[in-house]
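Under UniProt numbering, the first residue of the sequence shown is numbered 1, with each subsequent residue one higher.
Think of the CB as a built atom: it goes at the ideal place given N, C-alpha and C, for glycine as much as any other residue.
Computed from a predicted model, the values in this text were never measured in an experiment.
The next block holds one structure in the form of structure tokens; read it before the comments.
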Amino acid sequence: MTRRRAPVSPPVALTVAGSDSGGGAGIQADLKTMEAHGVFGTSVVTAVTAQNTRGVERSHVLPVAEIKAQYRAVNEDFDLGAVKTGMLATEPVIDLVTDRAAALDAPVVVDPVMVAASGDRLLDADAEAAYADLIGEATLATPNADEAAVLTGIDPTDRETAREAGEELVGMGADAALVKGGHVGADDDTVIDTLVVDREGQESLGPSAGSADDEGPTVRTFEHPRVDTDATHGSGCTLSSAIAAHLAHGETLEFAVEAGTAFMERAVRYSLDVGQGPGAVHHLAALREAADRHRTMTDVAEVVEAFVDRDVSRLVPEVGMNVVGATAYAEAVGETAAVEGRITRTFSGVAPNRGVRLGASSHVARFLLAAREFDPDLRFAVNCRFDDETEAATAALDGPVTEYDRDAEPDDASGTMGWGARQAFGAVDADDPTPAAVLDRGAVGKEAIIKVVGETPEELGERVFALLDAVE
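Shown next, in the form of structure tokens:
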């Protein structure tokens with residue numbers, strides 16, 4: 001017999017932007033990002049480009065009548081939960097989009113595509129001036145530093161000037177402005193995005209935890225480590241689309257911005273190595289991370305089973321042993337799998353106290369995540385007993401062995417595990433092999449530990465068994 005249909009009703013969002021034949025930015029990036037957030041993406045194409053990961057070869061703006069027809073077709077059929085704009089190209093197109101945005105009963109995220117990554121201006125003076133009216137219809141404007149300077153006359157080079165530029169955009173009529181910090185950081189290692197929200201429009205945008213003067217708009221900054229990559233083409237499209245998708249779900253603006261920046265950061269960190277240029281932003285990285293969780297939990301469970309079968313009790317520390325696996329895109333402890341309650345010695349060998357679950361480890365997981373900052377291919381780690389025999393046995397491992405001294409840990413360190421990993425892995429030259437193990441000689445009240453790492457569960461198991469063979 002025929003199956004009964006089981007339709008779902010996701011929120012709908014619209015992107016009004018140009019097409020990127022290389023797939024990394026524009027309409028293509030927007031739709032991928034919306035789909036990754038569980039939003040049905042619709043589109044109005046304003047221009048077609050011939051481009052790839054190396055650059056733009058040609059560009060053609062569609063006639064305004066064709067853009068109108070696309071918008072009419074979408075708007076007449078779909079209940080739009082949010083709209084975002086990207087490349088609008090010319091003054092007539094910007095005027096059209098401004099007119100349509102004014103009539104919309106949905107959040108509008110305006111990504112003012114005005115300045116290329118190279119710093120080149122993409123619009124003529126009339127088109128740049130037309131953006132002032134569109135900003136006035138925006139729920140949120142998301143300019144980068146160069147675009148904010150064009151729109152406001154304020155060059156956001158630090159926290160204070162970024163705030164001033166955001167306040168100026170709000171003064172132009174936007175409910176809120178996010179001044180993106182690709183070029184605005186406390187230092188070269190930090191990116192600071194500055195969110196400025198109009199106090200009068202705050203109620204409609206949801207509650208804010210931002211700080212503010214008594215009479216001024218609310219201000220909040222979002223800081224995250226700068227990713228060492230040139231594959232950032234499309235990151236602005238990805239961020240604005242992610243925010244629009246969250247708004248389409250009915251979430252507050254501040255949550256949408258916070259979640260959107262985290263999504264974009266992961267998409268850039270785990271960029272796709274495609275094409276002959278720098279590569280492409282990975283719009284599905286967050287979905288891939290979630291999909292990898294079950295397999296990672298299974299891998300950890302199989303390593304634990306192998307340790308029980310072999311009886312690794314000689315290597316179990318007093319605090320217990322734990323095996324930790326990180327998903328391929330892990331950024332947080334909750335994206336690592338480990339044994340709940342650790343592995344402990346018994347009268348007959350070793351046994352896990354409970355099963356494997358996500359976020360079950362704290363110390364070893366934080367160590368592994370910090371180590372992945374130096375070698376993202378590292379996926380697994382285990383803590384082993386440290387004594388004279390096991391220290392000598394590390395010579396049998398198939399890679400370098402490094403160490404760190406807890407007595408040298410500064411008082412303001414964010415955590416021993418992360419600090420220790422940075423000392424151990426940061427001391428290794430980039431051209432040298434990644435350490436196979438790290439010696440933590442402990443401190444007063446802290447047990448000394450050997451941490452063994454590996455790219456695969458098989459590699460981790462082989463290294464632990466090599467230690468065991470050397471001490472038995």
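Asked	Found
Taking Cβ positions, are Phe374 and Val324 nearer each other than 9 Å?	no
With a CB to CB cut of under 8 Å and the five nearest residues on each side skipped, what residues in its chain are close to Val45?	Ala17, Gly18, Ser19, Ile27, Leu62, Ile67, Gln70
Would you mind reading off the limits of the alpha helix (DSSP H) that contains Pro92?	91 to 102
What is the DSSP secondary structure of Asp432, reduced to helix, strand or coil?	coil
Please determine, among Ala332, Arg159, Asp198, the residue with the shortest C-alpha to C-alpha distance to Phe222.	Arg159
Let me check you understand the geometry: is the CB of Val300 closer than 8 Å to at least one non-hydrogen atom of the ligand ATP?	As for the ligand ATP, it is missing from this structure, which has no ligand bound.
Exposed or buried, which one is Met1 when buried takes at least 16 other CB atoms within 10 Å?	exposed
Work out the CA separation of Arg226 and Arg385 for me, nearest whole Å.	36 Å
What does Phe380 pair with, by DSSP beta-bridge criteria?	Gly325, Gly454
In this structure, does DSSP put Lys446 in helix, strand or coil?	strand
Check whether the region 307 to 322 touches the region 275 to 286, taking contact to mean three or more Cβ pairs, one atom from each stretch, closer than 8 Å.	no
Run through DSSP, which three-state label would Glu258 get?	helix
Check the C-beta distance from Ala328 over to Thr33 and give it rounded, since I have them as a contact under 8 Å.	No, Ala328 and Thr33 are not in contact; Cβ-Cβ is about 20 Å, not under 8 Å.
Once DSSP output is grouped into helix, strand and coil, what is the label at Lys180?	coil
When burial is assigned at 16 or more other CB atoms within 10 Å of the CB, is Ser348 buried or exposed?	exposed
Tell me the DSSP bridge mates of Ser19?	Val48
Any contact of the region 422 to 436 with the region 345 to 363, i.e. 3+ C-beta pairs under 8 Å?	no
Quick check: the Cα distance between Ser235 and Ala73, rounded to an integer number of angstroms?	28 Å
Pick from Asp126, His37, Tyr270: whose alpha carbon is nearest that of Thr90?	Asp126
Check whether the Cβ atoms of Lys451 and Val438 sit closer than 9 Å, and answer yes or no.	yes
So which of His249, Val12, Ala267, Thr232 has the shortest CA-CA distance to Glu289?	Ala267
Under DSSP, the beta strand (DSSP E) around Tyr131 begins and ends at which residues?	That residue, Tyr131, is in no beta strand (DSSP E); its alpha helix (DSSP H) goes 125 to 135.
Provide the residue(s) that pair with Thr402 in DSSP beta bridges, ordered along the chain.	Val438
To the nearest whole angstrom, what separates the beta carbons of Val471 and Arg314, a pair I think is in contact under 8 Å?	6 Å
What are the residues that DSSP puts in a beta bridge with Ala351?	Thr344
Verify whether the separation of the beta carbon atoms of Ala145 and Gly181 is less than 9 Å.	yes
Helix, strand or coil, according to DSSP, for Ala212 in the structure here?	Note on Ala212: pLDDT 46, under 50, position unreliable in the model; the coordinate value appears next. If DSSP states are grouped into helix, strand and coil, Ala212 belongs with coil.
Where Arg406 and Asp440 are concerned, what is the direct C-alpha to C-alpha distance, given to the nearest angstrom?	8 Å
Cα separation between Ala209 and Val219?	Its pLDDT being 47, under 50, Ala209 is placed unreliably in this model, and the value from its coordinates should be taken loosely. If you take the alpha carbons of Ala209 and Val219, they lie about 9 Å apart.
Would you mind sorting Asn52 into buried or exposed? The rule is 16 or more other CB atoms within 10 Å of its CB.	buried
Can you pull the DSSP bridge partners for Gly55?	Asn52
To the nearest angstrom, how far is it from the Cα of Arg54 to the Cα of Phe465?	47 Å
Three-state secondary structure (DSSP) at Arg226?	coil
Out of Glu265, Ala259, Gly136, Thr456, which one is the CA nearest neighbour of Glu302?	Thr456
If you follow the alpha helix (DSSP H) that Leu358 is part of, which residue opens it and which one closes it?	Note, Leu358: premise wrong, no alpha helix (DSSP H); beta strand (DSSP E) at 356 to 358.
Nearest to Gln276 by CA position, among Ala231, Arg310, Ala132, Glu318, is which residue?	Ala231
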